[in-house]
Amino acid sequence: VGHSYIVYAPLCAGVTTLFREGAIDFPKPDTAWEIVERYGVTKMFTAPTALRMFMRYGETYPAAHDLTTLRVIACAGEPLNPEAMSRIGLVFFQQGRLGRVYPVLTKAKELPPDNLEIRLKLGMLNVGVGRLAEAHEEAAFVLSKDPVNEESATLLVQATLPKDTDATLQQIKKLPNSAGSLVAQGLLELRAAHLPEAQALIEKAQALAPKSPVVQSALGTLYWAQNDLARAEKMFLEAAEGPVRSGRKM
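For the sequence shown, the working numbering gives the first residue as 19, with consecutive numbering after it.
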């Protein structure tokens, strides 16, 4: 297999092959990603064993490199396990490579359907492309397993059509009292132009979780609706600079 992929097939196709002898994580864990960035690698051929090794090092190393040229990661030798498939999708999501991440995360969802982080990211992608019914389904699934998840509560609001606002509000009110559920209720009240009610709910969420990026973003949206642009900008910046949440265990 190695000879065919590295030598014979590229020569027949007239393409350039780059291969490296030695451990893929020597002399440092990001050696492979450094090579991809330096030489503009478009396709990587490796084994699931290597991907599992990358998983042990976490997402920090690939995220530190520009991997925008990398279009395909091909594996051979054994089936790609669900955890490795999920990790590839989450790295692509973190890098904003939405065209690549959707099919990977969709496949990853089929392998471990109860992976909440995968379901949440798929919901976010679906909102971005206007597939609100699918996004609503993913958000509802996450909330059924993790009722205090802030991001999925706000995702549920984003995926709600105006005609379904009351039904979503009742659904959220059944959740445990948390920053996420209060923000979601506040955003729904904001949609209905009920500014005092929205402000009261979002400020309650702020009291529970003042450093939460979800809460800060909701405050920014509230201030924007109140035409307080200076405070809105401040909150949006604080939310953007808040802790990265994509790598947490769910």
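Beta carbons are placed, not taken as given, at the ideal position from N, Cα and C, and that holds for glycine.
For residue i, the nearest candidate out of the options (CA to CA)
i           : options            : result
residue 72  : 44, 236, 139       : 44
residue 91  : 51, 167, 182, 201  : 51
residue 120 : 184, 107, 131      : 107
residue 56  : 87, 66, 46, 149    : 87
residue 192 : 158, 247, 225, 220 : 158
With 16 other Cβ atoms within 10 Å as the buried cut-off, status of residue i
i           : result
residue 76  : exposed
residue 241 : buried
residue 167 : buried
residue 171 : buried
residue 54  : buried
residue 21  : exposed
residue 213 : exposed
residue 199 : buried
Backbone secondary structure at residue i - three-state DSSP
i           : result
residue 64  : strand
residue 90  : strand
residue 230 : coil
residue 146 : helix
Supposed contact pair residue j and residue i - C-beta distance, whole angstroms, cut 8 Å
i           : j           : result
residue 211 : residue 233 : Rounded, the Cβ-Cβ distance is 21 Å, inconsistent with contact.
residue 223 : residue 236 : 7 Å
residue 173 : residue 138 : 7 Å
residue 152 : residue 144 : 4 Å
CA-to-CA distance, residue j to residue i, given in whole angstroms
i           : j           : result
residue 147 : residue 176 : 12 Å
residue 271 : residue 169 : The question about residue 271 has no answer here: the residues shown for the chain are numbered 19 through 268.
residue 122 : residue 26  : 28 Å
residue 258 : residue 231 : 7 Å
residue 35  : residue 229 : 48 Å
residue 264 : residue 111 : Any reading at residue 264 is ruled out, since the residue's pLDDT is 39, under 50, leaving its predicted position unreliable.
residue 204 : residue 190 : 11 Å
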